[in-house]
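Going by the working numbering, the final residue of the sequence shown carries number 428, and the count climbs one at a time with no gaps.
The next block holds one structure in the form of C-alpha cells; read it before the comments.
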Amino acid sequence: MDIKAIKDKFNALFGKELRVYTSPGRVNLIGEHTDYNGGFVFPGAIDKGIYAAINPNGTDKIRAYSIDYQAMSEFGMREEDAPKEPWARYIFGVVREIQKRGFQPKGFDTVFAGDVPLGAGMSSSAALESTFAFALNDIYNLGIDKFELARIGQSTEHNYCGVKCGIMDQFASIFGKKGHLMRLNCATMEFEYFPFDPKGYKVVLLDTVVKHELASSAYNKRRESCESACAHIAAKHPEVKYLSDATMQMLDEVKNEISNEDYMRAKYVIGEKQRVLDVCDALEKGDYATVGDRMYGTHYGMSKEYEVSCDELDFLNDIAKECGVTGSRVMGGGFGGCTINLVKENLYDKFIATAKEKFNKKFGHEPKVYDVVISDGARRLND
Ligand code: GLA
Numbered sequence: 046m047d048i049k050a051i052k053d054k055f056n057a058l059f060g061k062e063l064r065v066y067t068s069p070g071r072v073n074l075i076g077e078h079t080d081y082n083g084g085f086v087f088p089g090a091i092d093k094g095i096y097a098a099i100n101p102n103g104t105d106k107i108r109a110y111s112i113d114y115q116a117m118s119e120f121g122m123r124e125e126d127a128p129k130e131p132w133a134r135y136i137f138g139v140v141r142e143i144q145k146r147g148f149q150p151k152g153f154d155t156v157f158a159g160d161v162p163l164g165a166g167m168s169s170s171a172a173l174e175s176t177f178a179f180a181l182n183d184i185y186n187l188g189i190d191k192f193e194l195a196r197i198g199q200s201t202e203h204n205y206c207g208v209k210c211g212i213m214d215q216f217a218s219i220f221g222k223k224g225h226l227m228r229l230n231c232a233t234m235e236f237e238y239f240p241f242d243p244k245g246y247k248v249v250l251l252d253t254v255v256k257h258e259l260a261s262s263a264y265n266k267r268r269e270s271c272e273s274a275c276a277h278i279a280a281k282h283p284e285v286k287y288l289s290d291a292t293m294q295m296l297d298e299v300k301n302e303i304s305n306e307d308y309m310r311a312k313y314v315i316g317e318k319q320r321v322l323d324v325c326d327a328l329e330k331g332d333y334a335t336v337g338d339r340m341y342g343t344h345y346g347m348s349k350e351y352e353v354s355c356d357e358l359d360f361l362n363d364i365a366k367e368c369g370v371t372g373s374r375v376m377g378g379g380f381g382g383c384t385i386n387l388v389k390e391n392l393y394d395k396f397i398a399t400a401k402e403k404f405n406k407k408f409g410h411e412p413k414v415y416d417v418v419i420s421d422g423a424r425r426l427n428d
C-alpha cells in the first residue's frame, strides 16, 4: 500500500498533523456460517487491509475522503446525520456505535484507501470498521477493550449496513497475529492462536470476481433459518442455546416441525462443527490430507445444503479436485467471492494455470489469484 499517497492527499486536503492506522481483511481456513450459531471459526488476518490517515479537527463533523472512490463525504455525528454513500456509512456507524457505548469521540478528518479486494469474501468492510474503531479508541484514549472494538464493527454492520453478520471478520481483523490462525469459540469468545506454516503447501485464494446481488438479504435469511431450527430444538432440549450446541439426532427430532429448507441449513451447520474440530486435530498432527478433505466437505455443504455457492465457485472447486489440490472450498459468506485452496507446492503452478485457462474459457475472464500471507491485526503505523 502506498502510505505516502494517503499522507500526501491528507496534507493537501486537511494539513500536516496526522496518524496512520491499518486493519486487515481475513481468510478463514474452516468454520463458515458457524459464528452466529455459537460455533467455532478458524480465521487469520491477511497482508491486505484498509489504511487511514486521521486527525481530530476540533469540530463535531467528520470529513472523510476515499482514495479508491475519489470521493469526499462530510457528515455529523448524530443519528440523523447518516451519510448516503455506502462506504461512509461504515465510518459513521462506528462512530455511532462508540457513542452508544457511552464514549464521546470528537470530529475528525480522514483520508483512507485499501488493498483488500471489495466483495471478494475477504472482509473489506470489517477491515474498514476495525481501522476506525481501533483508531478512535487510540486517539481519544477511550479504553475500549479489543473484544468490544470487534463488536462495534459487528453492530455497525447490523445497524447501519443491513447485514446481520457474526463476529468472525471483525474479531480476526482486530486480533490477527502474523503467522497464526485463531480458533475462536463464538459462544464464549475464548480463542487460541495456532501457528500456521504448512510445510510443503501454499494457501491461495482464487477470486471469481463475481458478487451476486442480494447477498446480504440471502445471508440474513440463512441466519433466520438457523434461529428458527434452533428454537424448535431448544423447545425440546433447553440446554441448546445455539444451533452449534445441537446434534444431528436433535435436529432429526424436529424434522417434521420445520421446513425442509431450514432442515438443510441446520444440517450444514451441525456438520460444520465437526469438520472444524477434525481440522484442529489434523493440524496438530500435520495431517493435511484430512484438513483438505474437510475443506471439500465444507464446500459440498455450503453448495448443496446451505446453498451459498454459485456456478463460478463450484467450477473452481471442481477444477481444484481434478488437479489433485489437497483442499478447496468457498470462503466467507458465499454468493461469489473466493475459494480458499490448500495446494502442494509442486502442484501450484499447474493448478493456477489450469484454473485460469478453464475459468476464462467458461466465464470470459480469469479468476484473480492471491497468495495468502497471515499477518498482524489492527495497529497504528509508525509516522
Ligand atoms: C461473513 C460474515 C461472518 C461469517 C461469514 C461466514 O463473512 O461477516 O460473520 O458469518 O460470512 O462464515
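In this text, a Cβ means the ideal position worked out from N, Cα and C, and glycines have one as well.
Note that the coordinates shown come from a computational prediction; the quantities given were computed from them, not determined experimentally.
Item                                                                                                                                                               : Value
Taking the alpha carbon of D332 as the reference point, which residue from F148, Y96 and K244 has its own alpha carbon closest?                                    : K244
Where V255 and E130 are concerned, what is the direct C-alpha to C-alpha distance, given to the nearest angstrom?                                                  : 22 Å
Mark D154 as exposed unless 16 or more other C-beta atoms lie within 10 angstroms of its C-beta, in which case mark it buried.                                     : buried
By how many angstroms is the C-alpha of D214 removed from the C-alpha of G164?                                                                                     : 13 Å
Can you give me the C-alpha to C-alpha distance between T79 and E317, rounded to a whole angstrom?                                                                 : 7 Å
Applying the criterion that 16 or more other CB atoms from any shown protein chain within 10 Å of the CB defines a buried residue, is G60 buried or exposed?       : exposed
Could you tell me whether any Cβ in chain D is nearer than 9 Å to the Cβ of W132?                                                                                  : The displayed structure is made up of one protein chain only, and chain D is not part of it.
If you draw a straight line from the C-alpha of I48 to the C-alpha of Y96, how long is it?                                                                         : 8 Å
Rounding to the nearest angstrom, what Cα-Cα distance links A423 and V156 in this structure?                                                                       : 17 Å
Locate the beta strand (DSSP E) running through Y110, then write down its first and last residues.                                                                 : K106 to S111
With distances taken Cα to Cα, identify the nearest neighbour of T253 among S354, G382 and V321.                                                                   : G382
Spatial neighbours of Y430 within its chain, please: CB distance less than 7 Å, with the 5 preceding and 5 following residues excluded, ordered by chain position. : In the structure as shown, the chain starts at 46 and stops at 428, and residue 430 therefore has no counterpart that could be examined.
Nearest to A429 by CA position, among M46, V248 and H203, is which residue?                                                                                        : Nothing can be reported for residue 429: it is not among the residues displayed for the chain, which extend from 46 to 428.
Please classify D242 as buried or exposed, where buried requires at least 16 other C-beta atoms within 10 Å of its C-beta.                                         : exposed
For the ligand GLA, which residues have a Cβ under 5 Å from at least one heavy atom, in chain order?                                                               : E77, H78, D80, C210, G211, M213, D214, G377 and G378
Rounded to whole angstroms, what is the Cα-Cα separation between D297 and A109?                                                                                    : 52 Å
Taking the alpha helix (DSSP H) that G198 belongs to, which residues open and close that run?                                                                      : K191 to T201
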